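So the sequences go chain by chain: A and B. Numbering-wise (our numbering), the first sequence opens with residue 68 and increments by one. Numbering-wise (our numbering), the second sequence opens with residue 546 and increments by one. Each remark here refers to the structure printed beneath this line.
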Amino acid sequence: MTPENIDLAFSLLPLQLCNTIYMVCVSAFFAVLIGLPIGIVLTIASKGHIKENLKLYKMLETLVNIGRSFPFAILMVALIPVTRWIVGTSLGTTASIVPLTIAAAPFIARLVETSLKEVDRNILEAALVMGSRTRHIIAKVLLPESLPSIVQGITLTVVNLIGYSAMAGLVGGGGLGQVAIQYGYNRFNTFIMTVTVILLIVLVQVVQWIGNGIAHRIIKKRGKIG
Amino acid sequence: MILEVEAVSKKYVHAGKTAHALKDVSLCIEKGDVYGIIGLSGAGKSTLIRCLAKLVTPSSGRILFHGNDIAHMDKTTLRTFRKNIGMIFQHFNLLSSRTVAGNIAYPLEIAGVPREEQNRRIDELLGLVGLQEKKEAYPAQLSGGEKQRVGIARALANNPEVLLCDEATSALDPKTTREILDLLNNINKNLHVTIVLITHEMEVIKRICNKVAVIDKGTIVEEGLVSDVFWDPKHPITKHFLQSSSHDLPEEFFKVISGQRKLLRLRFKGKAAGEPIISQIVKTFHVDANILLGWIDKLKTLIIGTLIIELTGESENIRNALHFLDQNAVHYEVLEK
């Protein structure tokens with residue numbers, strides 16, 4: 068732990084931590100924007116649900132499965148042309164957002180589907196008898212009823228995205244991952260490596276803690292815990 | 546005629562096998578009725594009430610609401626139908642994400658009722674079901690009876706003509722069951738809401754229904770006024786329901802039946818209960834009558850008394866006594882087993 072190292076850490080880490088947070092937050096936002104509607108459609112189009120449409124279900128499910136079967140490292144490289152087309156470059160933090168979003172969206176879709184399917188069919192039946200339309204059932208029944216579970220799912224996705232974003236650092240994606248590679252690995256700087264790892268651990272803990280806190284508060288408000 | 550079920554059948558095909566949940570069921574439900582449909586589990590009652598709620602489509606036959614086939618309704622008629630049919634459930638099916646007030650608001654929201662009108666209506670309904678102080682509670686904080694009251698308030702929010710009750714008291718304890726049944730009775734009497742309920746408990750039928758249909762293996766085996774069906778049940782299933790709702794005589798009493806010892810079930814209604822039939826046969830025919838069991842069934846419109854007695858004496862005398870009962874049109878049955 069030399070003074071140079073500490074200086075280096077201070078000049079690198081705050082900025083790259085911000086970059087990581089930026090990548091993760093923006094990609095999580097877009098992933099939810101894409102994944103949530105897909106998850107909803109996957110739910111209501113499934114067998115025996117309110118808008119059963121097995122063709123649509125099969126199609127979306129295949130799409131989601133394809134998305135989820137790519138290892139992130141490969142997806143990132145494979146998507147370089149797409150990233151260039153959208154962002155204009157395939158390097159840097161903003162460019163990493165594209166593969167991160169595309170990796171997380173199918174994941175969110177699956178988690179949302181699982182959460183929404185937990186809503187008791189009898190409650191849907193009650194809503195149907197009262198004359199609910201599909202949009203009522205989605206907005207007033209399915210999403211509110213499964214909100215704690217969806218929050219947990221998004222938390223899980225954000226944690227995964229932190230891991231993926233570090234991988235993005237491998238190919239010039241910026242963020243803490245890049246610091247770990249450039250300084251910790253390529254230049255054998257154990258100090259920088261250690262601090263980076265600790266920062267990542269803390270970041271994951273904080274995200275998990277916030278997510279659990281929100282889910283717990285919702286459940287508690289609804290009177291399900293003591 | 547508010548609801549008519551015309552020759553409704555429902556088939557389910559599962560793994561190549563066809564199961565008939567309903568076979569050629571016909572019913573007429575008139576305005577003001579409290580119509581009970583009783584059956585064992587798997588008898589098809591649940592499918593039947595789901596057909597009435599348009600949650601299940603019959604394989605054949607029609608269901609008419611004010612003469613309109615509910616299977617072929619345009620958007621406006623369907624909306625009127627939905628608004629006029631309320632439903633409550635065995636497991637209440639409340640939204641856990643909403644408070645009591647929020648649950649009652651749901652049908653009003655989706656019907657596009659303005660906010661202030663919603664609030665006024667919510668308070669009115671909470672008063673009706675007696676839950677004013679639980680307005681801001683969540684379902685998880687309520688007891689079963691309270692949850693069902695919320696269910697009832699929610700079902701009545703849009704002033705329906707018909708309330709469908711799907712085993713509404715089956716998950717409740719006896720005291721709460723009585724309270725909920727009394728509430729339903731009041732709703733029928735004071736708000737003139739027609740009630741259709743399904744149940745497996747004769748107590749429910751006895752307490753609030755004026756008409757009953759007994760369903761077994763997908764068909765209606767007996768139907769009519771509760772007072773008639775109670776007085777003179779015909780189908781074995783009906784008798785089974787009546788027996789299980791009353792009192793059982795210990796087995797030992799059936800072992801000693803002979804020509805000189807018979808078990809009789811006597812039934813009385815209205816004025817007949819006033820005549821001293823038993824002391825008459827004892828005096829006239831030199832037989833002994835030992836009263837084993839006696840009880841009174843209070844139906845919605847009629848009180849029926851039942852006595853189980855043991856007659857002992859000379860075979861000849863007992864035959865004469867029975868003959869006397871026949872002549873006096875006493876409703877009795879000689880019990881055997």
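We put the beta carbon where it would ideally sit given N, CA and C, even for glycine. It should be emphasised that the depicted structure is a prediction, and the values quoted were computed from it without experimental measurement.
Distance, Cα to Cα, H737/B vs L673/B?
Each residue's Cα considered, the two are about 14 angstroms apart.
Is there a C-beta anywhere in chain A that falls below 8 angstroms from the one on K568/B?
False, the Cβ-Cβ gap to chain A never drops below 8 angstroms.
Inter-stretch contact at 8 angstroms, needing at least 3 Cβ pairs: the region 200-208 of chain A / the region 229-243 of chain A:
Cβ pair count under 8 angstroms is below three, so no.
On the CB-based measure, 16 or more other CB atoms within 10 Å of its CB, does M143/A come out buried or exposed?
Buried is the label assigned to M143/A, since at least 16 other Cβ atoms lie within 10 Å of its Cβ.
V208/A CB to nearest chain B CB: under 8 angstroms?
Any Cβ of chain B closer than 8 angstroms to the Cβ of V208/A would place that residue at the interface, and such an atom is present.
Output, in sequence order along the chain, the residues in the region 173-186 of chain A whose CB is closer than 7 angstroms to any CB in chain B.
Here the close residues number zero.
Tell me, to the nearest whole angstrom, how far the beta carbon of R607/B is from that of D614/B; I am working on the premise that it is less than 8 angstroms.
The beta-carbon distance between R607/B and D614/B, rounded to whole angstroms, is 5 angstroms. This is short enough to meet the 8 angstroms contact definition.
Within-8 angstroms CB hit, M260/A to chain B
No, because no Cβ of chain B sits closer than 8 angstroms to the Cβ of M260/A.
Relative to the C-alpha of R135/A, which candidate in Y252/A, P70/A and A170/A has its C-alpha closest?
Measuring C-alpha to C-alpha distances from R135/A to each of Y252/A, P70/A and A170/A identifies A170/A as the nearest.
Short-range partners of chain A found in the region 673-702 of chain B, where Cβ spacing is below 9 angstroms
Residues passing the 9 angstroms Cβ filter: A682, Y683, P684, A685, Q686, L687, G696, R699, A700 and A702.
In chain order, what residues of the same chain lie with their CB nearer than 6 angstroms to the CB of T846/B, ignoring the 5 residues before and after it?
Sequence-distant Cβ neighbours of T846/B in its own chain, meaning closer than 6 angstroms and more than five residues away, are S772.
Consult DSSP for V196/A and reduce its assignment to one of helix, strand or coil.
Note: V196/A maps to helix in three-state DSSP.
Range of the contiguous alpha helix (DSSP H) that encloses K122/A
Per DSSP, the unbroken alpha helix (DSSP H) holding K122/A starts and ends at L121 to S136.
Using only the alpha-carbon positions, how far apart do I190/A and L701/B sit?
L701/B has its alpha-carbon roughly 17 angstroms from the corresponding atom of I190/A.
Taking the straight line between their C-alpha atoms, what separation do you get for K556/B and I782/B?
In this model, K556/B and I782/B are separated by some 23 angstroms (Cα to Cα).
Could you round the C-beta distance between A193/A and G102/A to whole angstroms and report it? I think they count as a contact, below 8 angstroms.
Under the criterion of beta carbons closer than 8 angstroms, A193/A and G102/A do not qualify as touching, at roughly 28 angstroms.
Check whether the Cβ atoms of V179/A and I217/A sit closer than 8 angstroms, and answer yes or no.
In this structure, I217/A lies closer than 8 angstroms to V179/A by Cβ.
Please report whether the beta-carbon of N189/A lies at a distance below 8 angstroms from any beta-carbon of chain B.
Interface residue, yes.
From L84/A to V165/A, what does the alpha carbon distance come to, in whole angstroms?
Spanning the alpha carbons of L84/A and V165/A requires a straight line of approximately 19 angstroms.
With the cut-off set at 8 angstroms, would you say I849/B and F786/B are in Cβ contact?
Cβ distance not < 8 angstroms, so I849/B and F786/B don't count as in contact.
Is the distance from the Cβ of L214/A to the Cβ of I285/A below 8 angstroms?
Yes, the pair counts as a contact, with Cβ atoms nearer than the cut-off.
Residues in the region 652-664 of chain B with C-beta within 8 angstroms of chain A's C-beta atoms, listed in sequence order?
Those would be P652, E654, I655 and A656, in chain order.
Looking at the unbroken alpha helix (DSSP H) that takes in R595/B, where does it start and where does it end?
According to the DSSP assignment, R595/B belongs to the alpha helix (DSSP H) that extends over K590 to L597.
According to DSSP, simplified to helix, strand and coil, what is M546/B?
M546/B falls in the coil class under three-state DSSP.
T764/B by DSSP, collapsed to three states: which one?
The answer is strand: DSSP assigns T764/B an E or B state.
Let me check understanding here. Comparing Cα to Cα, which of G858/B, A682/B, E881/B and L708/B lies closest to L597/B?
Checked all of G858/B, A682/B, E881/B and L708/B; the closest Cα to L597/B is L708/B.
Among G280/A, I229/A and P70/A, the one whose alpha carbon lies nearest that of L266/A
Answer by Cα proximity: I229/A.
Mind listing which residues of the region 597-622 of chain B have their C-beta closer than 9 angstroms to chain A's C-betas, in chain order?
Of all residues in the region 597-622 of chain B, the ones placed with a Cβ closer than 9 angstroms to any Cβ belonging to chain A are A598, K599 and L600, in chain order.
Tell me the DSSP secondary structure of M143/A in three-state form.
Helix at M143/A.
For the candidate residues M90/A, S113/A and R289/A, whose alpha-carbon lies nearest to that of P684/B?
When only C-alpha atoms are compared, the closest one is R289/A.
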